[in-house]
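Asks: For the sequence shown, counting from 1, position 191 maps to 178 in our numbering; every step adds exactly one. Built from N, CA and C at the ideal position, the CB exists for glycine as well.
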Amino acid sequence: MVFDYCSSRSGKNAQRFLDDWRGHLMVDDFAGYKALFAKGASELACWAHARRKFVDLDKASGSLIAKEAIQRIAAIYRIDDQAREFDPDARHAHRQQHAAPLVDAFGQWLRDLHPKVLGSSGTARAIAYSLKRWPALRRYLDDGRFPIDNNPIENAIRPIALGRKNWLFAGSEPAGKRAAAIMSLIATAKANGHDPHAWLSDVLERLPTTLDRDIDSLLPQNWKARG
C-alpha cells in the first residue's frame, strides 16, 4: 500500500504519480482523475459511494425512493457476497448470471425515475450521481478480479483521514514525504496481517546488522517474525 504526499488536490498530482500506467482504477467522482481515463486508464466506480447518496437522502427525508434504491443495491451486494471465495472466473460467471440482471434493472429504474423528480432535489442529485457514473459502476461485472467497491481501502486510510487535522503541519514538504513513506509501511504491515508495532520494533533492532542485499527481507510484505 502506497501513500503519496502532495501539496494540493490538483489532478496533476494523480497524473504524475500514475504517469503512463494503464489499468483499471477505482475512484470517486473527483474531476482530477478524468485526464487519466482520457489517456487509456479504465474507470471503476464504487457502489458504496453510490449507495451512500441514497442513505444520506433516506436519513434526511425518509424518501421511499431512497429506501427502494438501498434495497436494490443490497440485493446486488448479497450476490457478490455469495461469490466472495470464488476464483475470478467463477465470480465473473456468477455475477453475469445473477447480478447483471439486477444491475441493469436498477439502471433502468433510475433512468425512468430521473425525469419525474425535481431537478434541484436531493432525490434528483442522488439519482444523477449514479446515472452520471453508470458505465463505471457497471464495469465491475466485466471481470471477476474487479471489486464492487473500495471499502477495504477506505477502511485502511480511515485512521489517517481521522487524524489529519492533528498532522496538518508536517513542518516542510520533505517531512510530508517522509510521513507518507512511514504511513505506507505501517499500512502495508497491517494489510499483511502484522502488528505494526511488532514489525517496526523488530525491524529497528535488526536494521543495524542487516546487509544491504538483505534489506528487502525487512519490508512488511516480506518480513517474518523471529521464532
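Below 8 Å between beta carbons: does that hold for residue -9 and residue 167?
Replies: Yes, they are a contact pair.
Asks: Got a sec? Which residues, its chain only, sit under 7 Å from residue -12 by beta carbon, not counting five neighbours each side?
Replies: Hits under 7 Å: 143, 171, 174, 175, 178.
Asks: Give a yes or no on contact between the region 125 to 143 and the region 31 to 49, applying the rule of three or more CB pairs nearer than 8 Å.
Replies: Yes: at least three Cβ pairs fall under 8 Å.
Asks: What do you reckon, are the CB atoms on residue 131 and residue 82 nearer than 8 Å?
Replies: Yes, the Cβ-Cβ distance between residue 131 and residue 82 is below 8 Å.
Asks: Mark residue 18 as exposed unless 16 or more other C-beta atoms lie within 10 angstroms of its C-beta, in which case mark it buried.
Replies: Counting Cβ neighbours within 10 Å, residue 18 comes out exposed, since fewer than 16 surround it.
Asks: Got a sec? Which residues, its chain only, sit under 8 Å from residue 76 by beta carbon, not counting five neighbours each side?
Replies: The residues are 131.
Asks: So what's residue 30 in DSSP terms, helix, strand or just coil?
Replies: Reduced to three states, the DSSP call for residue 30 is strand.
Asks: Counting beta carbon pairs with one atom in the region 54 to 63 and one in the region 83 to 94, are three or more of them shorter than 8 Å?
Replies: Yes, the region 83 to 94 touches the region 54 to 63.
Asks: Straight-line CA distance for residue 6 to residue 204?
Replies: Taking the straight line joining both Cα atoms gives about 28 Å.
Asks: Using only CA atoms, which one of 56, 197, 198, 182 lies nearest to residue 208?
Replies: It is 182.
Asks: Could you check the C-alpha separation between residue 52 and residue 184 for me, to the nearest Å?
Replies: About 47 Å.
Asks: Counting only runs that start and end within the region 61 to 94, where is the alpha helix (DSSP H) found for 4 or more residues in a row?
Replies: Listed in chain order, they are 75 to 81.
Asks: Indicate the three-state DSSP secondary structure (helix, strand or coil) for residue 194 in the structure shown.
Replies: Looking at residue 194 - three-state DSSP - the assignment turns out to be helix.
Asks: Starting from the C-beta of residue 1, find all residues in its chain whose C-beta is less than 7 Å away, skip the five residues before and the five after it, and write them out in chain order.
Replies: These residues qualify, in order along the chain: 19, 20, 23.
Asks: Assign residue 48 to buried or exposed, taking buried as 16 or more other Cβ atoms, counted over all protein chains shown, within 10 Å of its Cβ.
Replies: By the neighbour-count rule (16 or more Cβ atoms within 10 Å), residue 48 is not buried but exposed.
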